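Notes for the one structure printed next.
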Amino acid sequence: MKKGVIVASFGTTHEDTRKKTIDVIENDIREAFNDSIFIRAWTSDIIRSKLKHRENLHINNIKEALDEAVQEGVEELLVISTHIINGVEHNKVKDAVLSYKDRFNKIKIGAALLENDDDFKFIIKELDEIYNKEADSAYLLMGHGSDHEANEIYEQLRNRFVDMGRDDIHIACVEGYPYIEDILPQLSEYKSVHLSPFMIVAGDHAKNDMAGDEDSFKTILEERGKNVSFELKGLGEYDFVRSLILKHANEAVYVS
Numbered sequence: 012m013k014k015g016v017i018v019a020s021f022g023t024t025h026e027d028t029r030k031k032t033i034d035v036i037e038n039d040i041r042e043a044f045n046d047s048i049f050i051r052a053w054t055s056d057i058i059r060s061k062l063k064h065r066e067n068l069h070i071n072n073i074k075e076a077l078d079e080a081v082q083e084g085v086e087e088l089l090v091i092s093t094h095i096i097n098g099v100e101h102n103k104v105k106d107a108v109l110s111y112k113d114r115f116n117k118i119k120i121g122a123a124l125l126e127n128d129d130d131f132k133f134i135i136k137e138l139d140e141i142y143n144k145e146a147d148s149a150y151l152l153m154g155h156g157s158d159h160e161a162n163e164i165y166e167q168l169r170n171r172f173v174d175m176g177r178d179d180i181h182i183a184c185v186e187g188y189p190y191i192e193d194i195l196p197q198l199s200e201y202k203s204v205h206l207s208p209f210m211i212v213a214g215d216h217a218k219n220d221m222a223g224d225e226d227s228f229k230t231i232l233e234e235r236g237k238n239v240s241f242e243l244k245g246l247g248e249y250d251f252v253r254s255l256i257l258k259h260a261n262e263a264v265y266v267s
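In structure tokens, the structure reads:
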């Protein structure tokens, strides 16, 4: 039976972070499923359009990727999502897969990065080890955010950090609650704040909305007298994140 694998990511226009994150994730999947035809899909139409206009580079959306799998004669398909929450973008993937389920003999789809309690525990444990607790210092993770109900995951993540004694780790989103303005009171007691993207890539949001020199998390905090440091390292650069994506791929469930 001819096999295929689609890796669906949000995407990025920034080649530097793509090479360190999405490309590495995809290579991991290629190696793990080396008996399968590999197909890339990005769910952000804005990013895909920018790359087409700027570099004449076409990247499949999820439906185009599914069409390619059909054209290649794939009978057993695995679809892997690198999206962090089971929200708008991940649902794009699920909805498309459901609409194509009769085109394949077997089709499976993997979970989003933070899908269940075990995922939370795993990610929190790893981040707790990365971010050392220091007096008068806080960590602020930037999530993407959306108006989807799954956006509550960011608050759940924060609460779990607090429950384990890491009330110095905070989360704010660019496009959803909690916004940075919502958590500024929580940061008032700290002298220093370290910023990190809680996104697979460290692209436009990380470089501009988080660490830019105008209307960014960095400048908002500096205006309030904080010593601000940051790192432009997407979650996709971490081995433990890629291992969780691979775990979800191996645990993917059949679509019915």
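Quick note, the sequence shown lines up with residues 12 to 267 if you use the numbering used here. Ideal placement from N, C-alpha and C gives every residue a C-beta, glycine not left out. Just so it is clear, the structure is predicted and the values come from calculations on it, not from any experiment.
Verify whether the separation of the beta carbon atoms of residue i and residue j is less than 8 angstroms.
i      : j      : result
PHE49  : ILE211 : no
PHE131 : LEU168 : yes
ASN97  : ALA161 : yes
SER148 : LEU89  : no
ILE91  : ILE40  : yes
Going by alpha carbons, who is nearest to residue i out of the options?
i      : options                       : result
VAL264 : ILE164, HIS94, LEU109, SER60  : LEU109
VAL204 : HIS181, ASP27, GLU160         : HIS181
LYS136 : LEU257, ILE256, GLY15, VAL252 : VAL252
ILE73  : VAL90, ARG65, ALA52           : ALA52
ASN116 : HIS259, THR24, GLU87, ARG177  : GLU87
GLY154 : ILE36, LEU255, GLU83, HIS216  : HIS216
What residue range is occupied by the uninterrupted alpha helix (DSSP H) comprising residue i?
i      : result
SER101 : Note that residue 101 is His in the sequence shown here, rather than Ser. 99–110 is the span of the alpha helix (DSSP H), which, as asked, contains HIS101.
LYS244 : Neither: LYS244 is in no alpha helix (DSSP H) and is coded neither H nor E.
VAL266 : That residue, VAL266, is in no alpha helix (DSSP H); it is neither H nor E in DSSP.
Ends of the beta strand (DSSP E) at residue i?
i      : result
SER254 : From DSSP, SER254 is part of no beta strand (DSSP E) but of the alpha helix (DSSP H) over 250–261.
VAL90  : 87–92
LYS14  : 14–20
Please state whether DSSP places residue i in a helix, a strand or coil.
i      : result
ALA183 : strand
GLY236 : coil
LYS61  : helix
ALA52  : strand
ILE120 : strand
TYR188 : coil
VAL173 : helix
TYR150 : strand
LEU125 : coil
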